[in-house]
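So that you can map any letter, position 161 of the sequence shown is 161 in UniProt numbering, and since no number is skipped, the others follow by simple counting. For every residue, glycine included, the Cβ atom is placed at its ideal position computed from N, Cα and C. Just so we're clear, the structure is a prediction, and the values are computed from it rather than from any experiment. To start, the structure under review is shown below, and the notes come after it.
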Amino acid sequence: MSQGHTRRRTLALVGTAGAGLVAGSFAAASDEHGGEDHGNESDEDHEDDGAEATARVRAAHLSPDAPNVDVAVEGETVLEDVPFRAVSDYLELPVGTANVAISATEDPDTVVFDEELELAEGAFTIAALGELSGETQPFAPAVLEDDPSDPGENARVRLVHASPDAPAVDVTAGDGETVLFENVAFGEAGALEVPAGEYTLEVRPATDCNDGDVVAEFDVAPEAGGVYSAFAVGYLEPDCAPADEAFDLEVVADATGDGSGEDGGDEHGNESDDHGNESDDHGNESDDHGNESDDHSNESDEDY
Numbered sequence: 001m002s003q004g005h006t007r008r009r010t011l012a013l014v015g016t017a018g019a020g021l022v023a024g025s026f027a028a029a030s031d032e033h034g035g036e037d038h039g040n041e042s043d044e045d046h047e048d049d050g051a052e053a054t055a056r057v058r059a060a061h062l063s064p065d066a067p068n069v070d071v072a073v074e075g076e077t078v079l080e081d082v083p084f085r086a087v088s089d090y091l092e093l094p095v096g097t098a099n100v101a102i103s104a105t106e107d108p109d110t111v112v113f114d115e116e117l118e119l120a121e122g123a124f125t126i127a128a129l130g131e132l133s134g135e136t137q138p139f140a141p142a143v144l145e146d147d148p149s150d151p152g153e154n155a156r157v158r159l160v161h162a163s164p165d166a167p168a169v170d171v172t173a174g175d176g177e178t179v180l181f182e183n184v185a186f187g188e189a190g191a192l193e194v195p196a197g198e199y200t201l202e203v204r205p206a207t208d209c210n211d212g213d214v215v216a217e218f219d220v221a222p223e224a225g226g227v228y229s230a231f232a233v234g235y236l237e238p239d240c241a242p243a244d245e246a247f248d249l250e251v252v253a254d255a256t257g258d259g260s261g262e263d264g265g266d267e268h269g270n271e272s273d274d275h276g277n278e279s280d281d282h283g284n285e286s287d288d289h290g291n292e293s294d295d296h297s298n299e300s301d302e303d304y
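Listed below in structure tokens is the structure:
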């Protein structure tokens, strides 16, 4: 870990709860990847081969004070008793409009999300963010667009800030010598590519010089060809929070080198260092989603 010039790209989550925002987020995400063209091509292609166009959708329970939940699509329960920190496998759903509802497992009348979503081709995560109590952050399910494409000999990692009481953070490696992500606030995410290997990630409160005190460290080991999502969850101060869920990094594999998606567990890690150019590639993707600029000092000023 030598250089410290790796550039961070962040993206605002594609949508937040509310009929207009969430329903539109799938279509918007598709458009950013050529959705209109793909949609037309997809219709023609599937008419020819008889296959049905599908969206790959999964759920991530990232709300620390919310109970276990059930997820239903078009009135049919597809996930049951999903606990905090769990990230489901992808569900293959037909492209088009679908009702998605999330309710408390022990109290089905408590519905925390019930919206008509316009599903487009691609991979997406519906993430339950914030707190039901709203003590620090309001509860707001959001839709993230996933990128399971093969990163080749590197690994691609996305960091999602979902810790309600944590400030904006910098993530460094090598005793602060390398900055991986900077000034990532709650409800934001960033992605970059790194070589396979073992790394110790240092989470710090964001500062202008990326030198805040380390509040947590995580050992991670991304594999070549792997695509990972690292969700920062829980509370920095659980004793003062509505739920006793300590700050942690929940890392899952979105895709492996053979193109399959698996639950990577805590052992599959994310980013590392020295790869500003690779970060730039994914920053451009993030720029598309979040309309971020390439100038990170300006980006941070605008974001925060």
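- The DSSP-derived three-state label of Pro242 is coil.
- Taken through DSSP and simplified to helix, strand or coil, Tyr90 comes out as coil.
- Collapsing the DSSP output to three states places Phe231 in a strand.
- Of the candidates Gly122, Ile126, Ala243, Asp65, the residue whose Cα lies closest to the Cα of Asp147 is Gly122.
- Taking C-alpha positions only, Arg156 is separated from Glu223 by approximately 9 angstroms.
- Going by DSSP, Glu153 is part of no beta strand (DSSP E) at all; its letter is neither H nor E.
- Counted as a single uninterrupted DSSP element, the beta strand (DSSP E) harbouring Arg204 occupies residues 199–205.
- Measuring C-alpha to C-alpha distances from Thr125 to each of Val169, His61, Ser133 identifies His61 as the nearest.
- In this structure, DSSP gives Pro167 a state outside helix and strand, which the three-state scheme calls coil.
- Rounded to the nearest whole angstrom, the C-alpha separation of Leu144 and Leu91 is 15 angstroms.
- Between Ala142 and Leu129, the CB-CB gap stays under 7 angstroms.
- Tyr235 is not a Cβ neighbour of Val220, given a cutoff of 7 angstroms.
- Remark: three or more beta-carbon pairs, one from each stretch, lie closer than 8 angstroms, so the region 96–105 and the region 62–76 are flagged as touching.
- Taking 7 angstroms as the cut-off, the beta carbon of Gly226 is found no closer than this to the beta carbon of Thr178.
- Measuring C-alpha to C-alpha distances from Ala232 to each of Ala168, Gly96, Ala140 identifies Ala168 as the nearest.
- Taking a 10 Å sphere around the C-beta of Thr97, we find fewer than 16 other C-beta atoms and assign the residue as exposed.
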